[in-house]
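Right, one structure below, let's go through it.
Chains as they are written, first to last, in this note's numbering: chain A, 1 to 514; chain B, 515 to 1028.
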C-alpha cells in the first residue's frame, strides 16, 4: 500500500471531510448511458435461428467441461444434464430454461449513491481496461505495472467524466505479492474512488476477501441485499469452465454479487475461423455459464459477455477493431437480448504498441460497434494498448475523451420545436449566417459534444506551441488530472477498518510471487 | 504538365502495351461495395415526417436564392415556382415531384470497364480526398500542393485496392495557373489511372473542357449515351445556389453527366446549431438542387450530398467525427433514400494537424457512420487532414487500408453450412484448439480481413525494427506503392489527342493566378 491511497490521506469524515468538500476540485461525472437510438442488427431471423439451434446442438452433443469441480458436476446432474467424467451434456432447452431466472438488469451500488449504475436494458456502463501486466507512457516507455500505477489509473478513472465504473485490475500491480495484490487493488478502488468496482476472481478465497471488504465498506446487511460488485469470470474457450473461475463465480453468486460470464476468444485459435462458428460457440458457452450461475443461486445477477478478436495468421497475434469482431459483437448483442440478459462486449481494443493512429482506428471501430451492438457493460473502455498487454496512460485519457461521443450519439436526435430551429432558418434566410442568430446564442453551449483533449487551434497557434500530437496533449492531460485529484471523502472509521482487514490478511500468510 | 503523366510514359497501345502488361505489377482492385447489411436508422417515422414537412415549409416560405442566373429563374418560373428577384419559393410538393425523374442509381463508366462503378441502391463507391491546397508528409512537412503531388495521389489511388474511384481535385496543384490546372488534373486522371474520375466545376467552361476531354478518351458517341464523370456541385449554404456551380451543373446535366449536389455546412455557422434544424435545411437544399438539375435535363444522374460538420465554439474551427455529424449523416441517409436518390456523405474527416491518434479516431468515426448510413458515394474517403486544408500522404494509405474493413463489414455474416463450422466444433471439442483443425486449414486464408499496413509483430521484433509508429509504416508504404506503380496501358493516339487538347487550351489564354 503506497502512502497515497492510505494513511497520509486519512482526511475525510467529520469536519475534515467537510473542509475537503469545500476546497474540492469539482468533478463532473456523467450518468451511465441510456440509449435513445436503435441497436444495429447484422443477423436476420433465419441466421439467428441457425446459430441458436447450433448452440443447443453443441451443448447436447459435444457438451462442456467443468474441470476439478465435483460440486458443479453434481448440480448439473441434479438439474438433468448428462454428466460423464467432467463432460456435461445439456439436453436441448435446459440451459435456456435455467437462464430464465437471471435478471435482465440490475443495479450495482457505489458507496456514493449518485454513482450507482444500472446494467441491462438500454443502458451502457463504461469501465477502464482490465488486466495488463505492463504500463506505458511517453516519458517512461513500457514497463511492468506497479501498485502506484494502479492507483494512478483509479484516480484517472475517478476524474473522468465519461467513465461510470472504476473497473477491477486496471493493471497488474506486479510489485505486490500475487496472493496479496487483490487486497491493495480493492483498497484503492474503495478509498481513492467512489465509483462502483469489480471484485477479485483469481482464487475463490480472494473473491471472499472482496465480499468481506465490501461488508466493511457498505455494511454487511446492505451487501446481503444489494449488488455492490460486478466481477469478470472468463470461460476457458472452447467450452471449458475451470475450477478457479467457477469457484469465484460460486462465491459471488452465493452472495448475490454480479459476474460477467465471458468467453475470451481469439478467433481461429479458441473458436472456429468463421463468424457463424464463433457465434455458435460463444452462445453455447454463455448459455452453459449463465445456467450454471443460476444453479448456484437462482436470480443471481450476471452479464453475458463476448470478448472476441481475430488472429493475424502471419504472426499469430490477436487483431482488433476488425470487421469480424464487428460482426460477432453485433450478432452476440442480438442473441444476448433474445436471452433477456445484460450484455458485455467491445472496448478500447487495439493491437498497436503505441497510442498512435493504428491504435485509434482500431479503438474507434470497437467503441462504435459497442455502442450500436447494445452493449450494457463495456469493460476495457479506456486505456487498452498492445493487445491488452499494456495499460497506456496517454491512451487512457484519449479513449476516455472519445467515450463522450458515445454518450451524445446515444441521445438520439431531438426533434422538439426548439430543436427544429425554424425560427433560426426564418431569421437567417438564404446567404446569411447563423453564428449570431437568437437560436444559436440560446443553444450553442449545449448543442455540440466538446472534446477535452483534441486540438482545434489555428495552425499558427498550434505550430507556435510546439506542434503537439495527441500523445503530447494526452500526457499533459494525465498530469493535470492527477494534479487536480482529491480523494472523495470517507468516514475515517471505515478507512481504518478496511486497512486493518488488509493488514491482517497480509500478515496471515507469506508473500507468493509468480 | 510534368513529364511523369506525359510524354516520357508514352508507352501503351499495340506491342508496347502488351509488353507493359506482361511486366506489370499486378494490382488488386476490389469491386465497389454492395451492402449485405441493414442501414442504421437514427430517426423514427415521426421525426422523418417533421423534418420533411419543415423542409417543404422552408422551400415555400423562405425559398432559395439562385444568384446571377436569369435562365435558372426562368426555368423555375415556368415550372410553377414563385420567383421574386433572385428568390425562388417552391410550393409544397413541387421540388419532390421534380426530383422523381432523377435515377435512383447509375453506372459511371471508366476507361477500363472492369472499373465501372454503380452508384445508388445498396452500393458504396469510395473516392479520395478533394480540394486541399496543402499536402503533408513526414519528410517534407506541410507545404503548398503541386501538380507533382497531385500525380502522386492519382497513382496512389490507382494502386489502392479499396478505392474504386480516382476522385477529382485530390489536392490543388497550386504551381499551375488557376485557369489551366483543371486540364492537368483531368489529364492525370485519364492517363495515370483507369478508374472513374470527376470533372472540373470551377467554371462552366472548365466543365465543358471536362466533357470535351472525355469525348476524346471515350469517344463522343459513348459520352453522349453514358455517364463518364461524377462531379461535385456545392450549394452555398444556407439556401443559395451561385452561378459558377450552377453553370457547371448545367453543363454536366445537359451532357447527361452526373453531379453530386451537396451543401457544404459547418453546423452553427451555415446551418442552425441543432441536428434537426440542419437536417431540415440540408433536405430543403437537396430538394431544390436536385429539382433544378431535373429542370435542366429530366433524368440527369445526380447524387444528393450532405457534407456536414460542427463548429468548435472556442476557435471557430470545424470539428469532425462528432456525434452531431453522425446524427446528421445517419438521418440524411434515411431522407435521401425516401427520395429515391443516391447518397453522398462521410469521409476520412478529421481536424487534427497530423496523422495521429486524433486524426484516426475522428476518421474512423466518420467512415463507420458512412458505411451504416447507406452512403453510396464517399468522397474524401482517404487522405483528408486538418479540416480538409491538407492532403496527407501517410494518412492516405492509412485510410485506404481501413477502407478494407468497410468492404468486409458490408458482406454481412455468412451462415452457410461451411461457415457454421459445426465440423470444427465437433473435431476440437472442449479444451482443444482450432489452429490445426480441418475447417481452419481450409478457410483461414480468406476468413479474416487483413491489413496491409498495421503492425502485429511480436514486441521484440517491433522494437528491433525501430519502434515504428503508424506514420513511419505508412511512409514506407507510400514509397513502395509509388515505386511499384506502372501506368495502365493506353492507346498512344488517345494520349496524343488528350495532350494536344491540353496544349491548345493552355496556349489559348494567358495564365491566371490567385
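All C-beta atoms in this analysis are idealised placements derived from N, C-alpha and C, irrespective of residue type, glycine included. Given the structure is predicted, the values throughout are model-derived calculations rather than measurements.
- Residues of the segment 343-355 of chain A that bring their beta carbon within less than 8 Å of a beta carbon in chain B comprise 351, 352, 353, 354 and 355, in sequence order.
- Fewer than three pairs of CB atoms, one per stretch, sit closer than 8 Å, so the segment 461-470 of chain A makes no contact with the segment 804-816 of chain B.
- Among the CB atoms of chain B, none fall inside 9 Å of the CB of residue 260(A).
- Counting every other CB atom within 10 Å of its CB across the protein chains shown gives residue 808(B) a total of 16 or more, marking it as buried.
- Nearest neighbour of residue 405(A) by Cα position, chosen from 883(B), 905(B) and 811(B), turns out to be 883(B).
- Below the 7 Å Cβ cutoff, chain B contributes 752 as neighbours of residue 428(A), in chain order.
- Residue 507(A) counts as exposed, since fewer than 16 other beta carbons sit within 10 angstroms of its beta carbon.
- By the neighbour-count criterion, in which a residue is buried when 16 or more other Cβ atoms sit within 10 angstroms of its Cβ, residue 144(A) is exposed.
- Here the C-alpha atom of residue 726(B) lies approximately 24 Å from the C-alpha atom of residue 689(B).
- Spatial neighbours of residue 109(A) in its own chain (CB-CB distance under 6 Å, excluding positions within 5 residues in sequence) are listed in chain order as 116, 226 and 228.
- Of the residues 692(B), 825(B) and 944(B), the one whose Cα lies closest to the Cα of residue 63(A) is 944(B).
- With contact defined as three or more Cβ pairs closer than 8 Å, the segment 91-102 of chain A and the segment 238-256 of chain A are not in contact.
- Burial state of residue 1002(B) is buried, judged by a 10 Å Cβ sphere holding 16 or more other Cβ atoms.
- When Cβ-Cβ separations below 9 Å define contact, residue 875(B) makes contact with chain A.
- Residue environment: residue 588(B) is assigned as exposed (fewer than 16 neighbouring CB atoms within 10 Å of its CB, all protein chains considered).
- Distances from the alpha-carbon of residue 471(A) to those of 89(A), 495(A), 486(A) and 454(A) put 454(A) closest.
- Annotation: residue 486(A) is outside any beta strand (DSSP E) and is labelled neither H nor E by DSSP.
- A Cβ-Cβ separation of about 32 Å leaves residue 86(A) out of contact with residue 132(A) under the 8 Å criterion.
- Residue 557(B) and residue 845(B) have their alpha carbons spaced roughly 6 Å apart.
- With fewer than three CB-CB distances shorter than 8 Å, the segment 199-210 of chain A does not count as touching the segment 909-923 of chain B.
- Using a Cβ-Cβ cut-off of 8 Å, residue 784(B) is close to 433 and 434 of chain A, given in chain order.
- Within the segment 786-801 of chain B, the residues whose Cβ lies closer than 7 Å to some Cβ of chain A are 786, 787, 788, 789, 790, 791, 794 and 795, listed in chain order.
- Residue 408(A) and residue 698(B) have their C-alpha atoms spaced approximately 44 Å apart.
- Residue burial is scored here from C-beta neighbours: residue 53(A) has fewer than 16 other C-beta atoms within 10 angstroms and is therefore classed as exposed.
- Between residue 873(B) and residue 357(A), the gap from beta carbon to beta carbon is short of 9 Å.
- Under the Cβ distance rule, residue 994(B) does not count among the residues neighbouring chain A, no pair being separated by less than 9 Å.
- CA-CA distance, residue 898(B) to residue 283(A), rounds to 41 Å.
- Around the beta carbon of residue 272(A), a 10 Å sphere encloses 16 or more other beta carbons of the protein chains shown; the residue is thus reported as buried.
- Residue environment analysis places residue 737(B) among the buried positions, since at least 16 neighbouring C-beta atoms fall within 10 angstroms of its C-beta.
- With a cutoff of 9 Å on beta-carbon distance, residue 616(B) and residue 604(B) are scored as not near each other.
- By a beta-carbon distance limit of 8 Å, residue 543(B) contacts residue 675(B). Their separation comes to about 6 Å.
- Classified as buried, residue 495(A) has 16 or more neighbouring CB atoms from the shown chains inside 10 Å of its CB.
- Those residues of the segment 442-459 of chain A placed with their C-beta closer than 7 Å to a C-beta in chain B are 443, 444, 447, 448, 449, 454, 455, 456, 457, 458 and 459, ordered along the chain.
- In the DSSP assignment, the residues bridged to residue 778(B) are 821(B).
- In the DSSP assignment, residue 233(A) falls within the beta strand (DSSP E) that extends over 230-235.
- For the segment 320-345 of chain A, the beta-carbon criterion of a distance under 9 Å to any beta-carbon of chain B is satisfied by 321, 322, 323, 324, 326, 327, 328, 330 and 331.
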